[in-house]
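So the sequence shown is residues 549 to 1013, counted in the numbering used here. Cβ atoms here follow ideal geometry from the backbone N, Cα and C, with glycine treated the same way. First up is the structure itself, then whatever we jot down about it.
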Amino acid sequence: MQYNLAIIGSGPGGYVAAIRAAQLGLTVAIIEKYSTLGGTCLNVGCIPSKSLLDSSEHFFNATHTFAEHGIKTGALEADIVQMVTRKNGVIRKINDGINYLMQKNKITVYNGLGSFTDKNTIKIIKTDNTEESITADNVIIATGSKPTILPFIPLDKKRIITSTEALSLNEIPKNLIVIGAGVIGAEMGSVFARLGSKISFVEFADAMIPTMDKTMGKELQKSMKKDFAPNFYFSHKVIKVENTGNEVIITAEINGQTVEIKGDYCLVAIGRKPYTEGLNIEILGITLDKGKIPVNEATLETDVKGIYAIGDVIRGAMLAHKASEEGVLVAEIIAGQKPHLNYNLIPNVIYTWPEVASVGQTEEQLKEKGINYKLGNFPFKALGRAVASGDEDGLVKVLVDTTTDEILGVHIIGARAADMISEAVSAMEFRASSEDIIRTSHAHPTYTEAFREACMATNNKAIHI
Ligand code: FAD
């Protein structure tokens, strides 16, 4: 079969690109090596983790905050097997939705491993080992990523696990060691901490979520300490991981000393690496750059004309919405349009409680670049809506250009930060100043008032502090 566009990989990059290309009149094929569409995000990433985060949050609230709200409960028990069953149902539902969208947009789905034979020909190796080849004028590589594992870690997927296995555990760990206190470690650690596990975070950096604005990590650590009292082993370098049968023992180094940490499970959450196995891109003359497929900054085309790459397999943040934006961009370029993507305005969210969300520059980045900025902080404890609900932890931090008042960065830790960040993204897309936000009416009482107040605070004019 011959197509205008073939896409390898059906994650949020690939399937969204397929839909956009079909909308623009292209004939499209999508190739996925697993039997279900949706990639990491739907099957072992964003959606299942949020499903378990939501279930565990209900349990935590029922056991910790219901009484204060005047709700009496009997003895409560967390049923992890049911939580995982529910999570699987959520995945199936969204899977059905993607299948429907493929049919609706007349996109041909091939299940099997896609492998280049030449620049326009892809061989599809199916699970029953039969093969089929298709040709396409253009190809998008959207093969995503896999968890990073250090070579000395004996990942057994039973006791020493990645996020993939953590999303399907059938028991609640008593002592869970989480190597890496970044986004995935913080989220999965939260799931099990809420269900009663004692968590030990072992992190090479000196704080939680080290890639975010420093204030966020500090605040998140404070909240976690209050809610679950996890053990924090910051500035610790893991040098050995061992499964002794009933126990996992981690050896880590700090200042020349070694420390042993014991648990019944160890979650390795040290990041993800691009996935290109089996693609056979070597025959196209594409050389990987630290595992990533190099692309043109503006068009995401590789060095081979008509071959594009998007999402986790290329440079930039490993985020579902970044992959989708890139998918739309490439589909539009192939269809002859001239789209643009502002990478500075891709928001970053962590679904802990409180949630963390940010967009634009961090304070550390502004300092490093020598940009003069003003800072406005507004704490949630000064916000009526937050006091009413009992979610008083956190703050909104706004960074504006000293001369122009343009908003350069917004960092939120607090209830509903994940949804609140959208206002900042839209404002910054229109290059709003803090005064633009101050002059915009915000409904009372809402969490969004904290963003407006933080903008006021950049001029020391917040009303409620
Ligand atoms: P993927 O989603 O990885 O999809 C790639 C697909 O390509 C896979 O289905 C794979 O099977 C297929 N494939 C690979 N090679 C071949 C081949 N040769 N032939 C055929 N098919 C192939 N991001 C967020 O934005 N928000 C979140 O809340 C969030 N939570 C996360 C939680 C966890 C636990 C994890 C692990 C990740 C999370 N992410 C989140 C990251 C997000 O999942 C990824 O950034 C996103 O899935 C990347 O999309 P993609 O399309 O590039 O690749």
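Cβ shell of residue i (< 7 angstroms), same chain only, five flanking positions each side left out
i, result
"I985", "A975, F999, R1000 and C1003"
"Y551", "T575, V576, A577, I682 and A684"
"T665", "K671 and S681"
"V564", "S872, G875 and V876"
"L943", "E767, N925, F926, P927, F928, I961 and G962"
"S716", "V632"
"E954", "V948, R979 and S981"
"I809", "I725, S748, V750, Y781, I798 and A800"
Closer than 7 angstroms: residue i CB and nearest ligand 1 heavy atom
i, result
"L589", "The amino acid at residue 589 is misidentified as Leu; the sequence shows Cys. Yes, Cβ of C589 sits closer than 7 angstroms to a heavy atom of ligand 1."
"A755", "no"
"L827", "yes"
"N860", "It is worth fixing the name first, because residue 860 is Asp in this sequence and not Asn. Flag set: Cβ of D860 near ligand 1."
"T996", "no"
"Y648", "no"
"S597", "yes"
"I556", "yes"
"I732", "yes"
"G561", "yes"
"A615", "no"
"C594", "yes"
"S663", "yes"
"S711", "yes"
"Y823", "yes"
"L867", "yes"
"T759", "no"
"G622", "no"
"G692", "yes"
"Y899", "yes"
"Y813", "no"
"A965", "no"
"Y582", "yes"
"A529", "Only positions 549 to 1013 of the chain appear in this structure, which leaves residue 529 out of reach."
Supposed contact pair residue j and residue i - C-beta distance, whole angstroms, cut 8 angstroms
i, j, result
"V861", "L832", "Not confirmed; about 14 angstroms, so no contact."
"F607", "L624", "7 angstroms"
"N653", "Q571", "7 angstroms"
"T1006", "S982", "5 angstroms"
"R820", "M760", "That belief does not hold up - the Cβ atoms of R820 and M760 are roughly 17 angstroms apart, past 8 angstroms."
"A883", "H1012", "At roughly 49 angstroms, the Cβ-Cβ gap does not stay under 8 angstroms, so A883 and H1012 are not in contact."
"G557", "G645", "Actually they are not in contact, since the Cβ atoms of G557 and G645 sit about 18 angstroms apart, beyond 8 angstroms."
Neighbourhood of residue i by C-beta distance below 8 angstroms, restricted to the same chain and skipping five residues each side
i, result
"T835", "P842"
"V807", "Y781, H784, T799, A800 and E801"
"T633", "none"
"G854", "K667, N668, D685, N686 and V687"
"K838", "none"
"L703", "I697, I709, T710 and V816"
Residues near residue i by beta carbon distance below 6 angstroms, same chain, minus five either side
i, result
"I709", "L815"
"A972", "V907 and V958"
"N723", "K746, G811 and D812"
"A569", "L553, V576 and A879"
"V629", "N718"
"P695", "T710 and R820"
"M650", "V657"
Which listed residue (the options) has its alpha carbon closest to that of residue i
i, options, result
"P560", "N591, A615, S583 and A570", "N591"
"I720", "S982, E580 and M631", "M631"
"A980", "H990, S989, N1007 and T952", "T952"
"Y648", "P699, T621, I689 and L585", "L585"
"K620", "S711, H612 and A626", "H612"
"N718", "V726, L743 and F700", "L743"
"S663", "V935, N828 and L923", "N828"
"E825", "D644, A690 and A615", "A690"
"K706", "T792, E679 and E977", "T792"
"A817", "V731, Y823, M650 and A777", "V731"
"E605", "V946, N803 and D939", "D939"
"N892", "G864, D754, I809 and T763", "G864"
"I894", "F700, A905, I556 and D676", "A905"
"K840", "G622, A857 and T847", "A857"
"T847", "S558, P887, T763 and K870", "P887"
"S603", "A741, I673 and I701", "A741"
"S748", "H869, T988, A777 and N803", "A777"
"D754", "I797, N794 and N803", "N803"
"E713", "T588, D775 and Q805", "T588"
"A1010", "I673, K945 and K762", "K945"
Proximity test, residue i beta-carbon vs ligand 3 heavy atom, cut-off 7 angstroms
i, result
"I579", "Ligands in the displayed structure: ligand 1; ligand 3 is not one of them."
Cβ pair count under 8 angstroms reaching 3, the stretch 734-745 against the stretch 870-879: no
Cβ contact (3+ pairs, closer than 8 angstroms) linking the stretch 955-968 and the stretch 986-996: yes
Contact between the stretch 593-607 and the stretch 892-907 (3+ Cβ pairs under 8 angstroms): yes
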